[in-house]
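Mind the numbering: the sequence shown is residues 686 to 798 in the working numbering, read in order. Scroll down for the structure; my scribbles are underneath it.
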Amino acid sequence: MTRRPFLMSGKTSGNDGETSVITKTRSRTERPPLYKVMLLNDDYTPMEFVVHVLERFFGLTHAQAFEIMLTVHKKGLAVVGVFSFEVAETKVAQVMDFARRHQHPLQCTMEKE
Ligand code: TYC
Numbered sequence: 686m687t688r689r690p691f692l693m694s695g696k697t698s699g700n701d702g703e704t705s706v707i708t709k710t711r712s713r714t715e716r717p718p719l720y721k722v723m724l725l726n727d728d729y730t731p732m733e734f735v736v737h738v739l740e741r742f743f744g745l746t747h748a749q750a751f752e753i754m755l756t757v758h759k760k761g762l763a764v765v766g767v768f769s770f771e772v773a774e775t776k777v778a779q780v781m782d783f784a785r786r787h788q789h790p791l792q793c794t795m796e797k798e
């Protein structure tokens, strides 16, 4: 049995109930925010330790790690990588924990890009 839409006028809408309307909603896919992970300079953490941290947790080559370490040493801080929130959070935690276990005051922070 064919169902017809109920209208106050008692008439159908003119399509005999045979057609239907399909609507599509266009959704904007937003890119997730990115976070800069930064290393801060201090007077006590050995340079070699910082280079090791950069190689170990950020996958940098020795040369790249040495260059970034020197930038931090001279400028006070440097961005060492840009990641999603969860990855950035993990990197910061890994660096802070590793530094603390070795009793170095090295600081690592993150900031929304
Ligand atoms: N300034 C430190 C030193 O002279 C080296 C250092 C570099 C420390 C980078 C921290 O994030 C840092 N031993």
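Yeah, the Cβ is synthetic: ideal placement off N, Cα and C, and Gly gets one too.
How about residue i: is its Cβ closer than 8 Å to a heavy atom in the ligand TYC?
i    : result
D728 : yes
M781 : no
H758 : yes
M795 : no
L745 : no
V764 : no
T722 : The amino acid at residue 722 is misidentified as Thr; the sequence shows Val. For the ligand TYC, not one heavy atom lies less than 8 Å from the Cβ of V722.
V735 : yes
P718 : no
Report yes if the C-beta distance between residue i and residue j is below 9 Å; otherwise report no.
i    : j    : result
L724 : V735 : yes
F783 : F743 : no
V772 : V738 : no
M795 : K709 : no
V777 : N726 : no
Around the C-beta of residue i, are 16 or more other C-beta atoms found within 10 angstroms, so that it is buried, or is it exposed?
i    : result
I707 : exposed
T714 : exposed
A750 : buried
M754 : buried
T746 : exposed
A748 : exposed
T704 : exposed
Assuming residue i and residue j form a contact by the criterion Cβ under 8 Å, report the distance between their Cβ atoms to the nearest whole angstrom.
i    : j    : result
E798 : L719 : 4 Å
Answer yes or no: the CB of residue i versus the heavy atoms of the ligand MG, is any distance below 8 Å?
i    : result
A773 : This structure lacks the ligand MG; the ligands present are the ligand TYC.
ask   = So, do the segment 781-791 and the segment 755-772 have three or more beta carbon pairs nearer to each other than 8 Å?
value = no
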